[in-house]
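**Q** Attaching a single structure in structure tokens format; questions to follow.
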Amino acid sequence: MARRLFLFGLLVAALVAASVWLADRPGQVTVHWQGWRVDTSVPVLLMAMVAFMAVVAFAWRLLGMVVGAPGRFLARRREARIQRGYAALSDGLAAVAVGDRKRAGKLAKQADRLLADPALTGLLTAQAAELSGDEAEAEKRLSSMVERPQTAALGLKGLLTLAKRRGDNAAALDYARRAWALGAPAADLATDLFDLQARAGQWVEAEATLDEARKRRALAPEDIRHRQALTQYERSLQAERDGDPASALSLAQKAHQSDLTLVIAAARVARLLHRAGKDRKAAAALTSTWQVAPHPLLVEAWLALAPAETPLQRVKRLEKLVKANPDAADGHVALAEAALAAKLWGEARNHLEQAARQRPGAAVFILLARLEREERQDEAAAQAWMSKVVTAPAEPAWHCASCGKPADLWTSTCPSCGTPDSLWWGSKAQALLPAP
Ligand SMILES: [Zn+2]
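Under numbering that gives the first Met the number 0, the first residue of the sequence shown is numbered 0, with each subsequent residue one higher.
Here it is, written out as structure tokens:
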């Protein structure tokens with residue numbers, strides 16, 4: 000602004016200077032042209048020239064306006080068309096979000112026609128096609144999005160969802176891998192890729208996915224550590240199958256360290272350490288997991304460390320494990336059973352009463368019946384306990400969180416439906432409760 004003012008001032012000063020200069024030097028001009036003769040003064044001639052130039056400039060501008068009008072009209076129309084296209088696109092996406100199939104389909108067609116850019120309208124047209132159940136059309140649209148770098152990740156994610164829905168895990172894995180390679184830090188994509196690799200038994204690749212997810216901060220650190228425990232546990236099994244006991248042990252130890260609550264890894268570490276003659280380390284591994292996740296599998300692994308001990312030795316040794324987490328129901332059951340075998344009736348009764356308070360169930364009732372029979376030969380009391388077994392709450396077991404089916408053993412993927420990391424320990428009644 001200041002610059003323009005300065006230029007304007009300069010121009011006025013120059014004009015004033017020129018007028019003064021001309022006024023000081025009056026003169027006459029005579030023009031002869033084609034038999035014409037014009038006599039005039041210099042200032043008048045200059046003014047006539049300026050006026051002539053102004054008329055020419057005005058005429059030129061007028062001509063430009065007339066000639067350029069159709070082009071401008073078309074540009075305005077094109078702009079309005081694109082505006083309507085974008086409006087249809089955003090309204091269409093809103094319709095998809097609320098599941099309005101008819102409106103989404105109509106707006107998708109409109110946006111497609113107005114914007115004439117399949118890569119841009121691909122998401123809407125694909126989602127509208129998906130809503131109306133036209134998977135072939137949705138797939139075609141999503142594939143066209145993959146060709147454009149800006150929409151490739153979105154297209155691949157859409158294709159991944161479609162492949163998962165029709166149960167084509169091989170195709171889903173391929174799409175997930177390609178989408179992940181584009182570098183997005185998305186948590187659901189990291190989870191999808193890991194799960195698909197786990198389903199396919201590609202545990203080494205699954206572990207690489209976790210490393211990358213950590214770098215991209217795509218998953219929470221504890222989530223990564225838990226999944227890492229699964230991959231290390233599975234790789235430990237593979238090392239054992241390959242005849243490499245050293246790797247089998249070190250991988251099992253890593254799995255145990257990655258997630259102390261993974262009881263299967265603790266039990267495996269204990270078994271492998273026992274085989275290597277390291278019973279103290281085995282006991283330490285079981286105790287550390289018993290503290291955070293008491294489980295019958297740990298008791299089983301603990302007892303396997305000294306298979307030849309006497310019943311009394313067994314009670315003494317079991318107490319060392321149980322005291323790491325003395326209130327656990329499974330600890331009371333285990334100690335009661337060992338005390339029964341050692342004929343330590345008082346101790347057996349004490350632990351069974353505690354167990355019955357915490358988790359009344361068939362296993363505890365059967366042990367109580369055994370106690371009545373063996374300690375007091377009281378058949379009537381034993382029968383009273385046995386009559387409760389039929390109506391007792393179900394004992395805890397492994398269940399799949401995805402398909403709901405029970406499993407005899409814990410495995411990284413559900414033996415019934417193949418979902419990774421879906422087995423949890425508890426009773427079926429708990430499974431029917433809504434998730435907290
Ligand atoms: Zn399942």
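Positions of the beta carbon are idealized from the N, C-alpha and C atoms, including for glycine.
(1) Reducing DSSP to helix, strand and coil, say where L422 ends up.
(2) If you draw a straight line from the C-alpha of S439 to the C-alpha of T230, how long is it?
(3) Along the chain, where does the alpha helix (DSSP H) that runs through V388 open and close?
(4) Between G63, Q201, A110, R60, which has its C-alpha nearest R80's C-alpha?
(5) So does the region 311-326 actually touch the region 278-295, counting three or more Cβ pairs closer than 8 Å?
(6) Cβ of K404 within 8 Å of any heavy atom in ligand 1?
(7) Give a single yes or no on whether S415 has its beta carbon closer than 8 Å to a heavy atom of ligand 1.
(8) How is W202 classed by DSSP in three states: helix, strand or coil?
(9) If you draw a straight line from the alpha carbon of L432 to that of T120, how long is it in whole angstroms?
(10) Within a Cβ cutoff of 7 Å, which residues of the same chain sit near A128, ignoring the five residues on either side of it in sequence?
(11) Which first and last residues belong to the beta strand (DSSP E) in which W397 is found?
(12) Classify V97 as helix, strand or coil using the three-state DSSP reduction.
(13) Cα separation between L272 and L317?
(14) Taking the CB atoms as reference points, tell me whether W384 and A368 lie closer together than 9 Å.
(15) Shortest alpha-carbon distance to V388 belongs to which of K404, P405, P359?
(16) Within its chain, find whatever has a CB closer than 6 Å to the CB of A434; leave out the 5 residues flanking it on each side and keep chain order.
(17) Within this structure, are the beta carbons of R274 and A300 separated by less than 9 Å?
(18) Which of the three DSSP states, helix, strand or coil, is assigned to Q27?
(19) If we require 4 or more residues per run, which alpha helix (DSSP H) segments fall completely within the region 123-163?
(20) Give the straight-line distance between the Cα atoms of A430 and P395, rounded to the nearest whole angstrom.
(21) Is S257 near ligand 1 - that is, is its Cβ less than 8 Å away from at least one heavy atom of it?
(22) With DSSP run on the structure shown, which of helix, strand or coil describes P405?
(23) For T436, count the other beta carbons within 10 Å of its own beta carbon; 16 or more makes it buried, fewer makes it exposed. Which is it?
(24) Under DSSP, the beta strand (DSSP E) around R36 begins and ends at which residues?
(25) Quick one: grab the DSSP three-state call for T412.
(26) Can T410 be considered in contact with ligand 1, in the sense that its beta carbon sits closer than 8 Å to one or more heavy atoms?
(27) CB of S401 to nearest heavy atom of ligand 1: below 8 Å?
(28) Under the criterion of a Cβ to heavy atom distance below 8 Å, does T120 qualify as lining ligand 1?
(29) Quick test of your reading: G405 and H398, contact by CB under 8 Å. State the CB separation rounded to the nearest angstrom.
(30) Using DSSP bridges, identify the partner residues of W32.
(31) Within 10 angstroms of the Cβ of L9, are there 16 or more other Cβ atoms? Answer buried if so, exposed if not.
(32) What do you reckon, are the CB atoms on A169 and W179 nearer than 9 Å?
(33) Let me make sure I understand the geometry here. Which of Q382, L14, A68, D329 has the alpha-carbon closest to that of G425?
(34) In terms of residue numbering, what span does the alpha helix (DSSP H) encompassing K342 cover?
(35) Would R215 and G182 qualify as a contact pair, given that the criterion is a beta-carbon distance under 9 Å?
(36) For S437, verify whether its CB is less than 8 Å away from any heavy atom of ligand 1.
**A** Considering the structure as presented:
(1) Against the sequence shown, residue 422 aligns to sequence position 423. The answer is strand: DSSP assigns L422 an E or B state.
(2) In this structure the chain extends from 0 to 435, so residue 439 is not present and cannot be described.
(3) For the purposes of this step, residue 388 is taken as the residue at position 389 of the sequence shown. In the DSSP assignment, V388 falls within the unbroken alpha helix (DSSP H) covering 378-388.
(4) Here residue 80 corresponds to residue number 81 of the sequence shown, with the count starting at 1. Taking each of G63, Q201, A110, R60 in turn and checking the Cα distance to R80, the smallest one comes out for A110.
(5) They touch, by the three-pair rule.
(6) For the purposes of this step, residue 404 is taken as residue 405 along the sequence shown, with counting starting at 1. In this structure, K404 has its CB closer than 8 Å to one or more heavy atoms of ligand 1.
(7) One-based indexing of the sequence shown puts residue 415 at position 416. For S415, the shortest C-beta to heavy atom distance toward ligand 1 is below 8 Å.
(8) Here residue 202 refers to the residue found at position 203 of the sequence shown. Helix, per DSSP.
(9) Translated into the one-based positions of the sequence shown, residue 432 becomes position 433. Translated into the one-based positions of the sequence shown, residue 120 becomes position 121. For L432, the pLDDT reaches just 48, beneath the cut-off of 50, and the residue's location in the model is therefore unreliable, although a value from the coordinates is still provided. In a straight line, the C-alpha of L432 is about 43 Å away from that of T120.
(10) In the sequence shown, counting from the first residue as 1, residue 128 sits at position 129. Scanning its chain for C-beta atoms nearer than 7 Å, with the 5 sequence neighbours on each side dropped, one finds around A128 the residues E136, A137, R140, in chain order.
(11) The residue given as residue 397 occupies position 398 in the sequence shown. 396-399 is the span of the beta strand (DSSP E), which, as asked, contains W397.
(12) Here residue 97 refers to the residue found at position 98 of the sequence shown. V97 falls in the coil class under three-state DSSP.
(13) Counting from 1 along the sequence shown, the entry for residue 272 is found at position 273. Counting from 1 along the sequence shown, the entry for residue 317 is found at position 318. Distance between the alpha carbons of L272 and L317 is about 18 Å.
(14) Stepping through the sequence shown from its first residue, residue 384 is reached at position 385. Stepping through the sequence shown from its first residue, residue 368 is reached at position 369. For the 9 Å CB-CB criterion, W384 and A368 form a contact.
(15) The residue you call residue 388 lines up with position 389 of the sequence shown. Closest by alpha carbon: P359.
(16) As a working mapping, residue 434 is identified with position 435 in the sequence shown. Note that A434 scores 44 on pLDDT, short of 50, meaning its location in the model is unreliable; the coordinates nonetheless yield the value given after this. Around A434: no qualifying Cβ.
(17) Residue mapping note: residue 274 aligns to position 275 of the sequence shown, counting from 1. Residue mapping note: residue 300 aligns to position 301 of the sequence shown, counting from 1. Cβ distance not < 9 Å, so R274 and A300 don't count as in contact.
(18) Counting from one through the sequence shown, the residue named residue 27 turns up at place 28. If DSSP states are grouped into helix, strand and coil, Q27 belongs with the strands.
(19) Runs of the alpha helix (DSSP H) inside the region 123-163: 134-145.
(20) If you number the sequence shown from 1, residue 430 lands on position 431. If you number the sequence shown from 1, residue 395 lands on position 396. Only weak support exists for where A430 lies, its pLDDT of 47 falling under 50; the value from the coordinates is given anyway. When rounded, the distance between both Cα atoms is 10 Å.
(21) As a working mapping, residue 257 is identified with position 258 in the sequence shown. No, ligand 1 has no heavy atom inside 8 Å of this Cβ.
(22) One-based indexing of the sequence shown puts residue 405 at position 406. In the three-state reduction of the DSSP assignment, P405 falls in the strand class.
(23) Outside the modelled stretch of the chain, which goes from 0 to 435, sits residue 436, for which no answer is possible.
(24) Locating residue 36 in the sequence shown gives position 37, where the first residue counts as 1. Taken as a continuous stretch (DSSP letters only), the beta strand (DSSP E) holding R36 covers 35-40.
(25) Here residue 412 corresponds to residue number 413 of the sequence shown, with the count starting at 1. Three-state DSSP puts T412 in a strand.
(26) The sequence position of residue 410 within the sequence shown is 411, counting from 1. Remark: the shortest separation between the CB of T410 and any heavy atom of ligand 1 does not fall under 8 Å.
(27) Numbered from its first residue, the sequence shown carries residue 401 at position 402. Distance from the C-beta of S401 to the nearest heavy atom of ligand 1 is below 8 Å.
(28) On the sequence shown, residue 120 is found 121 positions in, with the first residue counted as 1. The answer is no for T120.
(29) Numbered from its first residue, the sequence shown carries residue 405 at position 406. Numbered from its first residue, the sequence shown carries residue 398 at position 399. For clarity, residue 405 is Pro in the given sequence; the question names Gly instead. About 5 Å separates the two Cβ atoms, so the contact holds.
(30) Against the sequence shown, residue 32 aligns to sequence position 33. Note: W32 sits in a beta bridge opposite W35.
(31) The residue given as residue 9 occupies position 10 in the sequence shown. By the neighbour-count criterion, in which a residue is buried when 16 or more other Cβ atoms sit within 10 angstroms of its Cβ, L9 is exposed.
(32) Against the sequence shown, residue 169 aligns to sequence position 170. Against the sequence shown, residue 179 aligns to sequence position 180. No.
(33) What you label residue 425 is simply residue 426 of the sequence shown in a count that begins at 1. When each option's Cα is compared against that of G425, the closest is D329.
(34) Counted from its first residue, the sequence shown places residue 342 at position 343. Here K342 belongs to no alpha helix (DSSP H), and DSSP marks it neither H nor E.
(35) Looking up residue 215 in the sequence shown gives position 216. Looking up residue 182 in the sequence shown gives position 183. Contact: yes.
(36) No answer is possible for residue 437: it lies beyond the span of the chain, which begins at 0 and ends at 435.
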